[in-house]
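Numbering (my numbering), first residue to last: 204 to 602. Every residue, glycine too, gets a C-beta built ideally from N, C-alpha and C. Reading through the C-alpha coordinates given below for one structure.
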Amino acid sequence: MRILYYDWDDFNGEDCRDAMRRLGHEVDCIKCTSKSYDLTPELDQRFREVLFKVPLGQNNSGTCYYDLVFSFDYFPNVSEVCQKYEIPYISWVFDCPHYTLHSHTTSNSVNHIFLFDKSLEKEMQDKGIDTVRHSTLAVNAIRLKDMCDKLDSETDGRIIYEHDVCFLGSLYDNEYNFYDQINYLPPELKGYIDAVIVAQERVFGMDFFTNPEIVNQEHIKRLGEYVQFEKTGKYDLDYNKILLDILRKKVTVNERRNILAKMGKYFDTVLYSDPDAKPIEGVCNLGIADYMTRMPRVFHRSKVNLNITLRSIISGIPLRVVDILAAGGFLLTNYQEEIAERFVDGEDLVIAYTPEEMVEKTAYYLDHEEERQQIARNGQKKVFENFAYTKLLPEILKL
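And the structure:
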(Lines of atoms letter the chains of each structure in order from A; the text may use other names.)
(Lines give C-alpha, C1' and ligand atoms only; values in the text may rest on other atoms or scores of the structure.)
Protein backbone atom coordinates (compact mmCIF):
# COMPACT_ATOMS: atom_id res chain seq x y z
CA MET A 204 0.00 0.00 0.00
CA ARG A 205 0.91 3.65 -0.32
CA ILE A 206 0.95 5.25 3.14
CA LEU A 207 1.13 8.96 3.90
CA TYR A 208 2.67 9.22 7.36
CA TYR A 209 1.82 12.35 9.38
CA ASP A 210 5.16 13.14 11.01
CA TRP A 211 5.01 15.35 14.11
CA ASP A 212 8.50 14.35 15.31
CA ASP A 213 7.04 11.46 17.29
CA PHE A 214 9.91 9.58 18.90
CA ASN A 215 8.84 6.15 17.60
CA GLY A 216 8.00 7.23 14.06
CA GLU A 217 11.27 6.02 12.56
CA ASP A 218 10.73 2.52 13.98
CA CYS A 219 7.18 2.35 12.66
CA ARG A 220 8.09 3.57 9.17
CA ASP A 221 10.97 1.09 9.02
CA ALA A 222 8.56 -1.77 9.74
CA MET A 223 6.02 -0.50 7.20
CA ARG A 224 8.69 -0.54 4.51
CA ARG A 225 9.91 -3.99 5.55
CA LEU A 226 6.32 -5.17 5.06
CA GLY A 227 6.47 -3.88 1.48
CA HIS A 228 4.57 -0.62 1.81
CA GLU A 229 5.52 2.66 0.17
CA VAL A 230 5.77 5.32 2.89
CA ASP A 231 6.02 9.08 2.45
CA CYS A 232 5.91 11.71 5.20
CA ILE A 233 3.99 14.94 5.54
CA LYS A 234 4.95 17.53 8.16
CA CYS A 235 2.92 20.60 9.06
CA THR A 236 3.80 23.53 11.27
CA SER A 237 0.30 24.16 12.64
CA LYS A 238 0.18 24.37 16.44
CA SER A 239 -3.59 23.91 16.59
CA TYR A 240 -5.82 20.91 16.03
CA ASP A 241 -8.16 22.88 13.76
CA LEU A 242 -8.38 22.31 10.02
CA THR A 243 -7.02 25.52 8.51
CA PRO A 244 -7.01 26.47 4.81
CA GLU A 245 -3.22 26.14 4.87
CA LEU A 246 -3.35 22.60 6.25
CA ASP A 247 -6.10 21.65 3.80
CA GLN A 248 -4.05 22.94 0.87
CA ARG A 249 -0.89 21.20 2.08
CA PHE A 250 -2.65 17.85 2.34
CA ARG A 251 -4.41 18.31 -1.01
CA GLU A 252 -1.11 18.98 -2.76
CA VAL A 253 0.48 15.87 -1.27
CA LEU A 254 -2.50 13.49 -1.41
CA PHE A 255 -3.28 14.21 -5.04
CA LYS A 256 0.26 15.11 -6.16
CA VAL A 257 -1.08 18.51 -7.21
CA PRO A 258 1.43 21.23 -8.17
CA LEU A 259 0.85 24.52 -6.36
CA GLY A 260 -2.05 26.46 -7.89
CA GLN A 261 -3.54 23.56 -9.88
CA ASN A 262 -6.74 21.61 -9.26
CA ASN A 263 -7.05 17.98 -8.13
CA SER A 264 -6.62 15.25 -10.69
CA GLY A 265 -9.48 13.49 -8.89
CA THR A 266 -7.40 10.46 -7.89
CA CYS A 267 -5.72 10.21 -4.51
CA TYR A 268 -2.20 8.79 -4.74
CA TYR A 269 -2.25 7.24 -1.24
CA ASP A 270 -4.30 4.40 0.21
CA LEU A 271 -4.38 5.84 3.73
CA VAL A 272 -3.03 8.46 6.10
CA PHE A 273 -1.36 7.24 9.31
CA SER A 274 -0.35 8.98 12.53
CA PHE A 275 0.60 8.16 16.07
CA ASP A 276 -1.95 9.80 18.38
CA TYR A 277 -5.18 11.31 17.12
CA PHE A 278 -5.34 14.61 15.22
CA PRO A 279 -8.85 15.99 14.63
CA ASN A 280 -7.67 18.22 11.77
CA VAL A 281 -6.07 15.27 9.98
CA SER A 282 -9.30 13.32 10.40
CA GLU A 283 -11.28 16.24 8.95
CA VAL A 284 -9.08 16.54 5.89
CA CYS A 285 -9.25 12.77 5.36
CA GLN A 286 -13.04 12.88 5.70
CA LYS A 287 -13.17 15.68 3.13
CA TYR A 288 -11.11 13.75 0.59
CA GLU A 289 -12.53 10.32 1.53
CA ILE A 290 -9.25 8.66 2.44
CA PRO A 291 -8.90 6.29 5.42
CA TYR A 292 -7.17 7.70 8.49
CA ILE A 293 -5.41 5.30 10.87
CA SER A 294 -4.49 6.68 14.29
CA TRP A 295 -2.50 4.61 16.79
CA VAL A 296 -2.71 6.29 20.19
CA PHE A 297 0.09 5.90 22.73
CA ASP A 298 -0.61 8.93 24.96
CA CYS A 299 -2.96 8.76 27.94
CA PRO A 300 -4.87 10.84 28.72
CA HIS A 301 -5.28 11.99 25.12
CA TYR A 302 -7.99 14.62 25.10
CA THR A 303 -8.26 15.04 21.33
CA LEU A 304 -10.16 11.74 21.50
CA HIS A 305 -13.03 13.82 22.88
CA SER A 306 -13.33 15.69 19.58
CA HIS A 307 -16.60 15.21 17.70
CA THR A 308 -14.44 14.16 14.73
CA THR A 309 -13.70 10.74 16.29
CA SER A 310 -16.95 9.49 14.75
CA ASN A 311 -15.81 10.37 11.22
CA SER A 312 -16.37 7.37 8.98
CA VAL A 313 -12.79 7.41 7.65
CA ASN A 314 -11.31 6.86 11.12
CA HIS A 315 -9.62 3.70 12.33
CA ILE A 316 -8.44 4.58 15.85
CA PHE A 317 -6.38 2.08 17.84
CA LEU A 318 -6.15 2.40 21.64
CA PHE A 319 -3.78 0.45 23.88
CA ASP A 320 -6.10 0.55 26.91
CA LYS A 321 -9.15 -1.74 26.82
CA SER A 322 -10.87 0.35 29.49
CA LEU A 323 -10.65 3.43 27.27
CA GLU A 324 -11.82 1.45 24.25
CA LYS A 325 -14.91 0.31 26.18
CA GLU A 326 -15.56 3.83 27.49
CA MET A 327 -15.59 5.26 23.97
CA GLN A 328 -17.63 2.42 22.50
CA ASP A 329 -20.19 2.86 25.28
CA LYS A 330 -20.59 6.44 24.01
CA GLY A 331 -21.48 5.07 20.58
CA ILE A 332 -18.10 5.73 18.94
CA ASP A 333 -17.58 2.72 16.68
CA THR A 334 -14.32 3.84 15.06
CA VAL A 335 -12.11 2.66 17.95
CA ARG A 336 -10.41 -0.70 18.42
CA HIS A 337 -7.80 -2.11 20.75
CA SER A 338 -4.16 -2.80 19.96
CA THR A 339 -1.14 -3.11 22.18
CA LEU A 340 1.81 -0.85 21.43
CA ALA A 341 4.85 -2.11 19.54
CA VAL A 342 8.65 -2.14 19.23
CA ASN A 343 11.16 -2.46 16.41
CA ALA A 344 12.36 -5.98 17.18
CA ILE A 345 15.01 -6.02 14.44
CA ARG A 346 16.67 -2.78 15.52
CA LEU A 347 16.64 -3.69 19.20
CA LYS A 348 17.93 -7.24 18.69
CA ASP A 349 20.84 -5.87 16.65
CA MET A 350 21.54 -3.26 19.32
CA CYS A 351 21.51 -5.83 22.15
CA ASP A 352 23.79 -8.18 20.20
CA LYS A 353 26.20 -5.31 19.58
CA LEU A 354 26.21 -4.28 23.25
CA ASP A 355 26.95 -7.84 24.37
CA SER A 356 29.64 -8.33 21.72
CA GLU A 357 31.50 -5.38 23.24
CA THR A 358 31.82 -7.36 26.49
CA ASP A 359 32.44 -10.91 25.17
CA GLY A 360 28.78 -11.87 25.46
CA ARG A 361 28.44 -10.82 29.09
CA ILE A 362 26.16 -8.07 30.35
CA ILE A 363 28.20 -5.39 32.09
CA TYR A 364 25.74 -3.58 34.33
CA GLU A 365 25.86 0.18 34.76
CA HIS A 366 23.03 0.45 37.32
CA ASP A 367 21.40 -1.72 39.98
CA VAL A 368 17.95 -0.07 40.00
CA CYS A 369 16.74 2.27 37.27
CA PHE A 370 13.61 4.28 36.59
CA LEU A 371 13.27 6.15 33.30
CA GLY A 372 10.32 8.51 33.08
CA SER A 373 8.78 11.78 34.20
CA LEU A 374 8.19 12.72 37.82
CA TYR A 375 5.53 15.25 36.73
CA ASP A 376 6.62 17.68 39.45
CA ASN A 377 6.18 20.57 37.05
CA GLU A 378 3.41 22.63 35.45
CA TYR A 379 1.57 19.42 34.54
CA ASN A 380 0.93 18.59 38.20
CA PHE A 381 -2.34 20.51 38.18
CA TYR A 382 -3.62 19.36 41.58
CA ASP A 383 -0.93 21.28 43.43
CA GLN A 384 -1.81 24.38 41.41
CA ILE A 385 -5.36 24.55 42.77
CA ASN A 386 -5.16 27.67 44.91
CA TYR A 387 -7.82 26.79 47.44
CA LEU A 388 -9.95 23.85 48.51
CA PRO A 389 -12.13 23.76 51.63
CA PRO A 390 -10.12 21.97 54.35
CA GLU A 391 -12.58 19.08 54.74
CA LEU A 392 -12.68 18.44 50.96
CA LYS A 393 -8.91 18.68 50.58
CA GLY A 394 -8.40 16.43 53.59
CA TYR A 395 -10.67 13.77 52.12
CA ILE A 396 -9.19 13.94 48.61
CA ASP A 397 -5.64 13.83 50.02
CA ALA A 398 -6.58 10.73 52.04
CA VAL A 399 -7.93 9.00 48.93
CA ILE A 400 -4.72 9.89 47.05
CA VAL A 401 -2.59 8.36 49.82
CA ALA A 402 -4.77 5.23 49.92
CA GLN A 403 -4.64 4.86 46.13
CA GLU A 404 -0.84 4.90 46.22
CA ARG A 405 -0.89 1.71 48.26
CA VAL A 406 -2.96 -0.33 45.79
CA PHE A 407 -1.90 -1.18 42.23
CA GLY A 408 -4.34 -2.22 39.53
CA MET A 409 -7.50 -0.78 41.09
CA ASP A 410 -8.81 2.70 40.32
CA PHE A 411 -10.40 4.28 43.41
CA PHE A 412 -11.56 7.33 41.47
CA THR A 413 -14.13 5.41 39.44
CA ASN A 414 -15.60 3.84 42.58
CA PRO A 415 -18.60 6.00 43.61
CA GLU A 416 -18.35 4.64 47.15
CA ILE A 417 -14.95 6.35 47.44
CA VAL A 418 -15.23 9.41 45.19
CA ASN A 419 -18.86 10.32 44.50
CA GLN A 420 -20.50 12.94 42.31
CA GLU A 421 -20.74 15.41 45.18
CA HIS A 422 -16.96 15.26 45.70
CA ILE A 423 -16.39 15.82 41.97
CA LYS A 424 -18.93 18.64 41.80
CA ARG A 425 -17.34 20.47 44.72
CA LEU A 426 -13.84 19.97 43.35
CA GLY A 427 -14.99 21.37 40.01
CA GLU A 428 -16.05 24.61 41.69
CA TYR A 429 -12.37 25.40 42.32
CA VAL A 430 -10.92 24.41 38.93
CA GLN A 431 -11.34 26.62 35.86
CA PHE A 432 -11.49 25.02 32.40
CA GLU A 433 -11.33 26.81 29.06
CA LYS A 434 -14.47 25.56 27.32
CA THR A 435 -14.22 26.11 23.55
CA GLY A 436 -17.07 23.84 22.48
CA LYS A 437 -14.81 22.05 19.99
CA TYR A 438 -14.57 18.94 22.14
CA ASP A 439 -17.16 16.80 23.85
CA LEU A 440 -15.11 16.84 27.03
CA ASP A 441 -16.21 15.14 30.21
CA TYR A 442 -14.83 17.68 32.66
CA ASN A 443 -15.54 15.35 35.58
CA LYS A 444 -13.21 12.81 33.99
CA ILE A 445 -10.54 15.47 33.53
CA LEU A 446 -10.81 16.28 37.24
CA LEU A 447 -10.28 12.60 38.04
CA ASP A 448 -7.27 12.49 35.72
CA ILE A 449 -5.82 15.45 37.64
CA LEU A 450 -6.14 13.40 40.83
CA ARG A 451 -4.64 10.33 39.13
CA LYS A 452 -1.69 12.43 38.00
CA LYS A 453 -1.16 13.54 41.60
CA VAL A 454 -1.14 9.90 42.72
CA THR A 455 1.52 9.21 40.09
CA VAL A 456 3.59 12.19 41.27
CA ASN A 457 3.49 10.94 44.85
CA GLU A 458 4.06 7.26 44.25
CA ARG A 459 6.94 7.67 41.81
CA ARG A 460 8.77 9.93 44.26
CA ASN A 461 7.95 7.76 47.28
CA ILE A 462 8.90 4.47 45.62
CA LEU A 463 12.14 5.93 44.31
CA ALA A 464 12.95 7.39 47.74
CA LYS A 465 12.60 3.91 49.25
CA MET A 466 14.71 2.41 46.47
CA GLY A 467 17.37 5.08 47.03
CA LYS A 468 17.46 4.25 50.73
CA TYR A 469 18.28 0.57 50.17
CA PHE A 470 19.82 0.22 46.68
CA ASP A 471 22.09 1.94 44.17
CA THR A 472 19.29 3.74 42.30
CA VAL A 473 19.33 6.04 39.29
CA LEU A 474 16.69 8.12 37.56
CA TYR A 475 16.60 9.22 33.93
CA SER A 476 14.31 12.22 33.85
CA ASP A 477 14.12 15.96 33.36
CA PRO A 478 17.29 17.47 34.84
CA ASP A 479 15.13 20.12 36.54
CA ALA A 480 13.12 17.52 38.48
CA LYS A 481 13.15 18.00 42.24
CA PRO A 482 15.92 15.83 43.70
CA ILE A 483 15.18 12.62 45.58
CA GLU A 484 17.54 11.68 48.40
CA GLY A 485 19.69 8.69 47.48
CA VAL A 486 18.70 8.77 43.80
CA CYS A 487 21.01 10.12 41.10
CA ASN A 488 19.21 11.88 38.23
CA LEU A 489 21.20 11.30 35.04
CA GLY A 490 18.98 13.42 32.80
CA ILE A 491 17.00 12.47 29.72
CA ALA A 492 17.96 9.40 27.65
CA ASP A 493 16.97 9.59 23.99
CA TYR A 494 14.56 6.92 22.77
CA MET A 495 16.52 5.44 19.88
CA THR A 496 20.03 4.97 21.27
CA ARG A 497 20.65 5.73 24.94
CA MET A 498 17.39 4.37 26.33
CA PRO A 499 17.78 0.74 25.14
CA ARG A 500 21.35 0.68 26.47
CA VAL A 501 20.13 1.93 29.87
CA PHE A 502 17.49 -0.81 30.06
CA HIS A 503 19.87 -3.53 28.86
CA ARG A 504 22.54 -2.62 31.39
CA SER A 505 20.35 -2.08 34.46
CA LYS A 506 19.83 -5.01 36.80
CA VAL A 507 16.27 -3.98 37.73
CA ASN A 508 14.16 -1.65 35.58
CA LEU A 509 11.06 -0.20 37.23
CA ASN A 510 7.74 0.55 35.57
CA ILE A 511 5.42 2.74 37.65
CA THR A 512 2.41 3.28 35.39
CA LEU A 513 0.76 6.66 34.99
CA ARG A 514 -2.53 6.20 36.84
CA SER A 515 -4.58 7.56 33.92
CA ILE A 516 -3.79 4.26 32.17
CA ILE A 517 -6.48 2.15 33.81
CA SER A 518 -5.79 -1.30 32.36
CA GLY A 519 -3.40 -1.01 29.39
CA ILE A 520 0.23 -1.99 28.86
CA PRO A 521 2.33 1.20 28.73
CA LEU A 522 4.86 1.55 25.94
CA ARG A 523 7.60 1.63 28.58
CA VAL A 524 6.89 -2.01 29.45
CA VAL A 525 7.58 -3.33 25.96
CA ASP A 526 10.48 -0.88 25.52
CA ILE A 527 12.26 -2.34 28.55
CA LEU A 528 11.59 -5.97 27.65
CA ALA A 529 12.58 -5.53 24.01
CA ALA A 530 15.93 -4.09 25.12
CA GLY A 531 16.60 -7.26 27.09
CA GLY A 532 16.02 -5.53 30.40
CA PHE A 533 14.64 -7.19 33.52
CA LEU A 534 11.33 -5.52 34.37
CA LEU A 535 9.67 -5.07 37.74
CA THR A 536 6.28 -3.45 37.22
CA ASN A 537 3.20 -2.48 39.15
CA TYR A 538 0.16 -4.67 38.47
CA GLN A 539 -1.93 -3.76 35.44
CA GLU A 540 -4.76 -5.98 34.23
CA GLU A 541 -3.50 -6.24 30.65
CA ILE A 542 0.11 -6.84 31.73
CA ALA A 543 -1.08 -9.83 33.74
CA GLU A 544 -3.13 -11.04 30.75
CA ARG A 545 -0.24 -10.98 28.27
CA PHE A 546 2.79 -11.84 30.42
CA VAL A 547 3.56 -14.52 33.00
CA ASP A 548 4.58 -13.12 36.38
CA GLY A 549 7.95 -14.53 37.44
CA GLU A 550 8.64 -15.87 33.96
CA ASP A 551 8.56 -12.93 31.50
CA LEU A 552 8.68 -10.10 34.03
CA VAL A 553 7.88 -9.57 37.69
CA ILE A 554 4.70 -7.92 38.99
CA ALA A 555 4.35 -6.09 42.30
CA TYR A 556 0.94 -5.48 43.87
CA THR A 557 1.99 -2.84 46.42
CA PRO A 558 4.87 -0.35 46.77
CA GLU A 559 6.25 -2.43 49.64
CA GLU A 560 6.31 -5.53 47.46
CA MET A 561 8.16 -3.59 44.76
CA VAL A 562 10.98 -2.91 47.24
CA GLU A 563 10.98 -6.51 48.52
CA LYS A 564 11.13 -8.00 45.02
CA THR A 565 13.89 -5.61 44.01
CA ALA A 566 16.01 -6.91 46.90
CA TYR A 567 15.27 -10.52 45.96
CA TYR A 568 16.12 -10.22 42.27
CA LEU A 569 19.28 -8.20 42.87
CA ASP A 570 20.49 -11.23 44.84
CA HIS A 571 19.36 -13.84 42.27
CA GLU A 572 21.20 -12.98 39.08
CA GLU A 573 20.67 -16.16 37.05
CA GLU A 574 16.92 -16.14 37.73
CA ARG A 575 16.74 -12.44 36.90
CA GLN A 576 18.65 -12.82 33.64
CA GLN A 577 16.51 -15.76 32.52
CA ILE A 578 13.34 -13.74 33.13
CA ALA A 579 14.81 -10.89 31.06
CA ARG A 580 15.57 -13.30 28.19
CA ASN A 581 12.05 -14.74 28.34
CA GLY A 582 10.48 -11.28 28.34
CA GLN A 583 12.50 -10.15 25.35
CA LYS A 584 11.57 -13.29 23.41
CA LYS A 585 7.86 -12.81 24.12
CA VAL A 586 7.91 -9.16 23.08
CA PHE A 587 9.82 -9.90 19.87
CA GLU A 588 7.27 -12.59 18.99
CA ASN A 589 4.09 -10.74 19.94
CA PHE A 590 4.73 -6.99 20.08
CA ALA A 591 6.93 -6.29 17.04
CA TYR A 592 5.72 -3.65 14.58
CA THR A 593 6.00 -6.23 11.81
CA LYS A 594 3.63 -8.47 13.82
CA LEU A 595 1.02 -5.83 14.72
CA LEU A 596 0.99 -3.53 11.68
CA PRO A 597 -0.62 -6.01 9.25
CA GLU A 598 -3.75 -6.02 11.43
CA ILE A 599 -3.69 -2.27 12.05
CA LEU A 600 -3.28 -1.46 8.35
CA LYS A 601 -6.12 -3.80 7.37
CA LEU A 602 -8.92 -1.57 6.06
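- Beta-carbon to beta-carbon, Gln583 and Ala529 are separated by about 6 Å, close enough to satisfy the 8 Å threshold.
- When the Cα atoms are used, Phe407 and Val401 turn out to be separated by approximately 12 Å.
- With respect to the 7 Å criterion, Pro279 and Thr236 are not classified as neighbours on the basis of their beta carbons.
- The three-state secondary structure of Ile293, taken from DSSP, is strand.
- For secondary structure counted as the alpha helix (DSSP H) over 4 or more consecutive residues, the region 336 to 394 holds these complete runs in sequence order: 344 to 356.
- For Asn443, the closest C-alpha among the options Leu426, Val454, Leu534 and Phe250 is that of Leu426.
- With fewer than 16 neighbouring CB atoms inside 10 Å of its own CB, Phe432 falls in the exposed class.
- The beta carbon of Ile542 is closer than 8 Å to those of Ile520, Val524, Thr536, Leu552 and Ile554 in its chain, skipping five residues each way along the sequence.
- Under DSSP, Ile542 takes part in no beta bridge, so it has no partner.
- Only residues of its own chain outside the window of five on either side were considered, and among them Val284 and Lys287 have a CB closer than 8 Å to the CB of Asp247, listed in chain order.
- Ranked by Cα distance from Ile483, the first of Glu574, Leu374, Ser239 and Val399 is Leu374.
- Residue environment analysis places Val547 among the exposed positions, since fewer than 16 neighbouring C-beta atoms fall within 10 angstroms of its C-beta.
- Measuring C-alpha to C-alpha distances from Arg545 to each of Asp359, Asn419, Ser338 and His571 identifies Ser338 as the nearest.
- Restricting attention to Gly331, Val335 and Asn314, the CA atom closest to the CA of Asp320 is found in Val335.
- Pairing Gly531 with Cys351 gives a Cβ-Cβ distance under 7 Å.
- Straight through space, the alpha carbons of Thr496 and Phe470 are spaced by roughly 26 Å.
- Under the DSSP assignment, Leu509 falls in the beta strand (DSSP E) whose first and last residues are Ser505 to Asn510.
- When beta bridges are read from the DSSP output, Thr472 appears opposite Val368 and Val486.
- For Ile423, the enclosing alpha helix (DSSP H) starts and ends at Gln420 to Gly427.
- Per DSSP, reduced to three states, the secondary structure at Leu318 is strand.
- In the DSSP assignment, Leu254 falls within the alpha helix (DSSP H) that extends over Pro244 to Leu254.
- In this structure, the alpha-carbon of Ser274 lies about 9 Å from that of Asp213.
- Tyr292 is positioned such that its CB atom lies no closer than 7 Å to that of Arg205.
- Straight across, the Cα-Cα distance linking Glu245 with Thr593 is about 34 Å.
- Leu304 and Tyr429 have their alpha carbons spaced roughly 25 Å apart.
- Going by DSSP, Glu550 is part of no alpha helix (DSSP H) at all; its letter is neither H nor E.
- With a beta-carbon spacing of about 7 Å, Asp526 and Met498 fall inside the 8 Å limit used to define contacts.
- Boundaries for Arg405: no beta strand (DSSP E) harbours it, and the DSSP string shows neither H nor E there.
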